[in-house]
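Quick notes on the structure that follows.
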Amino acid sequence: NAIPLLVFAGSTRAQSHNRRLAQVAADIARAAGAAVTHIELADFDLPLYNADLEARGTPAAAIRLKEIFHAHPAWVICSPEYNGSYTGLLKNTIDWVSSPVKGDPEWGDGLKPFAGKVVGLLSASPGGLGGLRSLSHLSPLLLNLQCWLTPRQFALARAGDAFDAEGRLAEPARAGVQGVVDQALWAARRFAG
Ligand code: FNR
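The letter at position 49 of the sequence shown is residue 51 when you use full-length UniProt numbering, and the numbering goes up by one with no holes.
Below, the structure written as structure tokens:
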């Protein structure tokens, strides 16, 4: 039976390298037999997290994201690097999804969409480090939320030259993505929630 795998990028930019990378990861995972859900964070249009706003009722987009995150035992996140870290979009999304839905029996304080999930991390940047520093910040955040991280991560350097016109990624970069996807599916089969 196919492992449900969630794939998304921490950028909404039309020409985003990380959105391209997410497409490559999704294609690789489908070829490996996973049941892939590839979402675009732009489709959710989350407001900036504010506890007062949340107290008036968790926005429908945040509830939908919580449900999607919760339903997938494994995720692949493609993280851009802004100022040596991950993007505000990614942090805002994680903050909304990780916050407990108060007063709702189904989404009571005990339900944690992050705990026990297997997460594979990828990054892409036009620079020479490929956004690697974003992953070094994202990793402890996800561990703090009780995610399992795959030992392999992959940072795509010089991302502006890495994809062909059809969005394909040449070797050896493609194998770097494959390695992370394979580990996420392997681990999810064995121990994901
Ligand atoms: C960047 N960029 C960048 N790149 C990098 O490798 N290290 C960095 O610290 C930064 N810092 C940074 C800050 C801000 C505010 C912006 C807007 C950009 C460049 C960044 O990697 C580049 O714009 C990527 O193309 C962003 O990812 P997407 O949108 O292509 O997925």
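Ideal placement from N, C-alpha and C gives every residue a C-beta, glycine not left out.
- Item | Identity of the residue in A16, N20, L145 and W150 nearest V9 by Cα | N20
- Message: Determine whether the beta carbon atoms of V38 and A31 lie at a separation below 8 Å.
- Response: yes
- Query: Looking at the unbroken alpha helix (DSSP H) that takes in A27, where does it start and where does it end?
  - Reply: H19 to A33
- Three-pair Cβ contact test at 8 Å for the stretch 183 to 193 versus the stretch 117 to 125: yes
- Given F71 as reference, the closest of Y51, S100 and N52 once Cα atoms are compared: S100
- Item | Secondary structure of T89, DSSP reduced to three states | coil
- Assigned secondary structure, H74 (DSSP; H/G/I helix, E/B strand, else coil): coil
- Query: Mind checking whether the beta-carbon of L124 lies closer than 7 Å to any heavy atom of the ligand FNR?
  - Reply: no
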